[in-house]
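J.:
Residue numbers (our numbering): 89 to 374.
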């Protein structure tokens, strides 16, 4: 059995202390609140699809609907419809629970609730921001990848959309998104994906005759390209015929003539034209 030290090694949803302590809210609803908060942008709202929420929390959309209704009834969030087939908008409501009693006689204010904005439109509390920065740096340093461009990033749907738009064969977007959600969960994963993506695009540029993979295929197998090194192409060495040695076709050379022309044991005669050996027959080349 192996043990781990969980101190500052995980990333994930953030459930505030004031909510964790509430016995009025079920554990499932608390998890939904934390996940919604992670999706929230700088305008204070979020609109993740129910299917995505269910996948993130390892449950089903029906359970997510039940927990969202519980949070709405508790006046912790507000849900607004956007029309049929579109995910709802969710807004976070200030609640008296955001202060708590440390004893029976005094009201103690929660720590500073003002969030720190990060570059992709998400908010983090100061302590969580520092935690995230340290864990990202530790993770990416161990992989030997430069962390500087993404220390402030959290993986979002926009990250997927940006990369999907750059992919040359946009086929199977739904499956590609599912593979993305399963394999790109942390800023370190995002850095690795970008490196693999760059390697694959470079491979396509070096081999223009190759058609790109379907989008769903690449997003499923992108790790195969993480350590890819494009083979160095070298020109084949010029064949010099020698009696008794096999030629490029596997036939034994029986005679050599001027200009490196030669004859094989089968009676075929070859001559060099434009750097290539071609069969000589009745005065013309085949």
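Glycine included, every Cβ here is placed at the ideal spot set by N, Cα and C.
Rank 144, 177, 149, 108 by C-alpha distance to the C-alpha of residue 131 and give the top, closest one.
T.: Of 144, 177, 149, 108, the residue nearest in Cα terms is 177.
J.: How many Å lie between residue 206 and residue 112 at the Cα?
T.: Here residue 206 scores only 39 on pLDDT, less than 50, and its place in the model is too uncertain to base an answer on.
J.: Need the endpoints of the alpha helix (DSSP H) that residue 121 sits in, please.
T.: Per DSSP, residue 121 belongs to the alpha helix (DSSP H) from 115-127.
J.: Could you give the DSSP three-state label for residue 168: helix, strand or coil?
T.: It is a strand residue.
J.: From which residue to which residue does the beta strand (DSSP E) around residue 179 run?
T.: Residue 179 -> beta strand (DSSP E) spans 177-180.
J.: Hey, how far is the Cα of residue 277 from the Cα of residue 271?
T.: Residue 277 and residue 271: Cα-Cα distance of roughly 7 angstroms.
J.: Runs of 4 residues minimum, wholly inside the stretch 291-341: which ones carry the alpha helix (DSSP H) assignment?
T.: DSSP runs (the alpha helix (DSSP H)) wholly in the stretch 291-341: 303-309.
J.: Let me check one thing: in DSSP terms, what residues is residue 133 bridge-paired to?
T.: DSSP lists 179 as partners of residue 133.
J.: Assuming residue 180 and residue 125 are in contact, meaning their beta carbons sit under 8 angstroms apart, how far apart are those beta carbons, in whole angstroms?
T.: Right, the Cβ-Cβ distance comes to about 7 angstroms (below 8 angstroms), so this counts as a contact.
J.: Does the pairing of the stretch 302-317 with the stretch 253-265 give three or more beta-carbon distances under 8 angstroms?
T.: The answer is yes - the stretch 253-265 touches the stretch 302-317, with three or more Cβ pairs under 8 angstroms.
J.: Below 8 angstroms, can you find three or more Cβ-Cβ pairs linking the stretch 290-300 to the stretch 327-338?
T.: The stretch 290-300 is not in contact with the stretch 327-338.
J.: Does DSSP put residue 162 in a helix, a strand or coil?
T.: Coil at residue 162, not helix or strand.
J.: Can you tell me whether residue 99 is buried or exposed, with buried defined as 16 or more other CB within 10 angstroms of its CB?
T.: Under this definition residue 99 is a buried residue.
J.: Could you tell me the distance, in whole angstroms, from the CA atom of residue 185 to the CA atom of residue 95?
T.: Residue 185 and residue 95: Cα-Cα distance of roughly 28 angstroms.
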